[in-house]
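Q: Mind looking over this structure? Questions follow.
There are 2 protein chains.
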Amino acid sequence: MTELEKGPTGRRRGRGARERILLASQQLFREQGINRTGMNELCAAAEVSKRTAYQHFSGKDELVAEYLRWFDPSVLSGVFDRTDLTPRERLLAAFDIPATTPLCPYIGAAVELHDPEHPASQYAREYKQAVAARLADAAREAGAADPEQLGEQLALLIDGAAARTRVLNADAFPTAAAVAAVLIDNAIPATAGDDRRREEASR
Amino acid sequence: MTELEKGPTGRRRGRGARERILLASQQLFREQGINRTGMNELCAAAEVSKRTAYQHFSGKDELVAEYLRWFDPSVLSGVFDRTDLTPRERLLAAFDIPATTPLCPYIGAAVELHDPEHPASQYAREYKQAVAARLADAAREAGAADPEQLGEQLALLIDGAAARTRVLNADAFPTAAAVAAVLIDNAIPATAGDDRRREEASR
DNA sequence: CGTTATGTACACCGCCCTGTGTACTTACCG
DNA sequence: CGGTAAGTACACAGGGCGGTGTACATAACG
């Protein structure tokens, strides 16, 4: 709509039918869920003909998988590539994104599709493992005694906050961040020059 | 089938059409998800005519809500009413149930229905709050400094383990239990006569 | 006995869903 | 110019869904 200047009935010039589809997926899948969003509705929102959509994606299943692959960069790299933060701050920064980010579509997809073999479910699994691995990397960098364990624990906290936020309709990430702070302080042998304040569960 | 002795075409004598429906719901909703389980299939599994099902429940929505209400006792009271355990052990016992219990249908329902106003979603919310409250009770009994906070934190760990187990297809409750142990030891002023072993929660 | 409550069996409605078939239109590029 | 790639518009098939209507069968009770 913004800069795409379409001919009376002809194809859009703004270039990127595929992108508009994925963009609409992000919005609708989040707002309504995957199963409750039909292809008709989705194509209408993307301002794309249904025929075109099925030329870009073999079916809804593939579209869902691709839709998941699109969040990757914004969430994962956006947090971990901040060199301005100390390792400890970087670990805690993972609990600050939730307001911006759309409440973990990976869990939602895995639950809605309900098939561990579905491409999207497989990717969700890989993604979650990748996040845990990157958390473990940061934990190692921060000098944690058992980085893998801390990474897994922090990943669990993030997932718990996402799930609980969804069910309770109330932000659970502050609670998760408080727990994370305790875990981090307990796992790092007090060598860091960080501001380790001694409250056990500050919010 | 076991003891219900049905007439050739007549109604079952085993008494409890409603119960058979709810029982079949437990099985099918868990195995296939709510949205992917149709009423036809469900009634067939329950060995109940569709007409009867709609005389017991006004619709699928109500059935789903009632289905959630049926797990309550087994999960909630089964764990917290064990007087043979110390308060600390009782807090940790909440992380032992997962193999038996069906991986938190409350989260699944909230995600699948995707409508916070749906009766089942509302009940899921109430249930999650009730669990947190009972955890807080046990935490208070155990002498925690801030029981409400500890209860909320433990509840978050449980939800995180449930979600993560679902996505990764691997039991995440041990990890959650380890975190819980750290939190509990950190929150209780070391007055209890419990077996507080000094592993990672050193200080 | 007859009545009433409960249940079966099964066809059927209307709706929405994913996905395709057909015919037409436009931009681009050699 | 002509061809090709990309897209539109729209109908429609095929299937599953939630839910209902109809006619019949049985058990329990007075």
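Quick note, the sequences are listed as chains A and B, same order.
Each residue of the first sequence is one higher than the one before, starting from 1 at the first, in UniProt numbering.
Each residue of the second sequence is one higher than the one before, starting from 1 at the first, in UniProt numbering.
For each residue, glycine too, the CB sits at the ideal point set by N, CA and C.
Remember, it's a predicted structure, so these values are computed and weren't measured experimentally.
#1: If we count the other Cβ atoms within 10 Å of its Cβ and call it buried at 16 or more, is A:G16 buried or exposed?
#2: Using a Cβ distance threshold of 8 Å, determine whether the stretch 119 to 129 of chain A contacts the stretch 56 to 67 of chain A, with at least three qualifying pairs required.
#3: Which value, in whole angstroms, describes the spacing of the CA atoms of A:P189 and B:F57?
#4: Can you give me the C-alpha to C-alpha distance between A:K50 and A:Q27, rounded to a whole angstrom?
#5: Figure out for me which residue from B:S25, B:A177, B:A130 has the closest Cα to the Cα of B:Y67.
#6: As an exercise, report each continuous alpha helix (DSSP H) stretch of at least 4 residues that is fully enclosed by the stretch 79 to 137 of chain A, in chain order.
#7: How many Å lie between A:V182 and B:I21 at the Cα?
#8: Can you tell me whether A:R164 is buried or exposed, with buried defined as 16 or more other CB within 10 angstroms of its CB?
#9: If you run the structure through DSSP and keep just helix, strand and coil, what is A:A142?
#10: By the DSSP assignment, the alpha helix (DSSP H) with B:A172 in it spans what residues?
#11: Measuring alpha carbon to alpha carbon, tell me which of A:R36, A:N35, A:T52 ends up nearest A:C43.
#12: Does B:H118 come within less than 8 Å of chain A when only Cβ atoms are used?
#13: Decide if residue 225 of chain B is buried, meaning its Cβ has at least 16 other Cβ atoms within 10 Å, or exposed.
#14: Is A:G16 close to chain B, meaning its C-beta is less than 8 Å from at least one C-beta of that chain?
#15: Using a Cβ cut-off of 7 Å, pull out every chain B residue sitting near A:T175, in sequence order please.
#16: Do A:L157 and A:A136 come within 8 Å of each other at the CB atom, strictly closer than that value?
#17: Where B:M1 and B:G38 are concerned, what is the direct C-alpha to C-alpha distance, given to the nearest angstrom?
#18: Since B:T52 is in the alpha helix (DSSP H), which residue starts that stretch and which ends it?
#19: Using the C-alpha atoms, what's the distance from B:P174 back to B:A133?
#20: What is the C-beta distance between A:E112 and B:E41, in whole angstroms, given that I count them as a contact (C-beta under 8 Å)?
#21: Here's a check: name, in chain order, each residue in its chain whose Cβ is nearer than 6 Å to the Cβ of B:A46, leaving out the five neighbours to either side.
#22: Helix, strand or coil for B:T165 per DSSP?
#23: Out of A:R18, A:D84, A:L92, which one is the CA nearest neighbour of A:Y54?
#24: Along chain A, in chain order, which residues have C-beta atoms closer than 8 Å to that of B:K60?
#25: For chain A, is any of its Cβ atoms less than 8 Å away from the one on B:H114?
#26: In whole angstroms, give me the CA-to-CA distance for A:A145 and B:D115.
#27: Which chain A residues sit within Cβ distance under 9 Å of B:Y106?
A: Taking the structure as given:
#1: Residue environment: A:G16 is assigned as exposed (fewer than 16 neighbouring CB atoms within 10 Å of its CB, all protein chains considered).
#2: A contact between stretches requires three or more CB pairs, one per stretch, nearer than 8 Å, and the stretch 119 to 129 of chain A meets this requirement with the stretch 56 to 67 of chain A.
#3: Looking at the two C-alpha atoms, the distance is approximately 58 Å.
#4: Taking the straight line from one Cα to the other gives about 18 Å.
#5: Comparing alpha carbon positions, the residue from B:S25, B:A177, B:A130 closest to B:Y67 is B:S25.
#6: Within the stretch 79 to 137 of chain A, the runs of alpha helix (DSSP H) that reach at least 4 residues and sit entirely inside it are, in chain order, 87 to 93, 105 to 113.
#7: Roughly 46 Å separates the two Cα atoms.
#8: It is buried - the Cβ of A:R164 has at least 16 other Cβ atoms within 10 Å.
#9: Residue state, collapsed to three classes: coil.
#10: Careful: B:A172 lies outside any alpha helix (DSSP H) and carries neither H nor E.
#11: It is A:T52 whose Cα lies nearest to the Cα of A:C43.
#12: No, because no Cβ of chain A sits closer than 8 Å to the Cβ of B:H118.
#13: Only positions 1 to 203 of chain B appear in this structure, which leaves residue 225 of chain B out of reach.
#14: A:G16 does not count as touching chain B.
#15: E152, Q153, L156, listed in chain order.
#16: Contact check for A:A136 against A:L157 fails: the beta carbons are separated by 8 Å or more.
#17: Unreliable placement is indicated for B:M1, whose pLDDT of 36 sits below 50; no coordinate value is reported for it.
#18: Note, B:T52: alpha helix (DSSP H), 50 to 56.
#19: About 22 Å.
#20: In fact, because the Cβ distance is near 18 Å, the residues do not count as touching under 8 Å.
#21: Cβ neighbours of B:A46 beyond the five flanking positions: R20, I21, A24.
#22: Secondary structure of B:T165 (DSSP, three-state): helix.
#23: The candidate whose alpha carbon is nearest that of A:Y54 is A:R18.
#24: Taking a Cβ-Cβ threshold of 8 Å, none of the residues of chain A is close to B:K60; the smallest such distance is about 14 Å.
#25: Under the Cβ distance rule, B:H114 counts among the residues neighbouring chain A, one pair being separated by less than 8 Å.
#26: Pairing A:A145 with B:D115, the inter-Cα distance amounts to about 43 Å.
#27: Per Cβ cutoff of 9 Å: V167.
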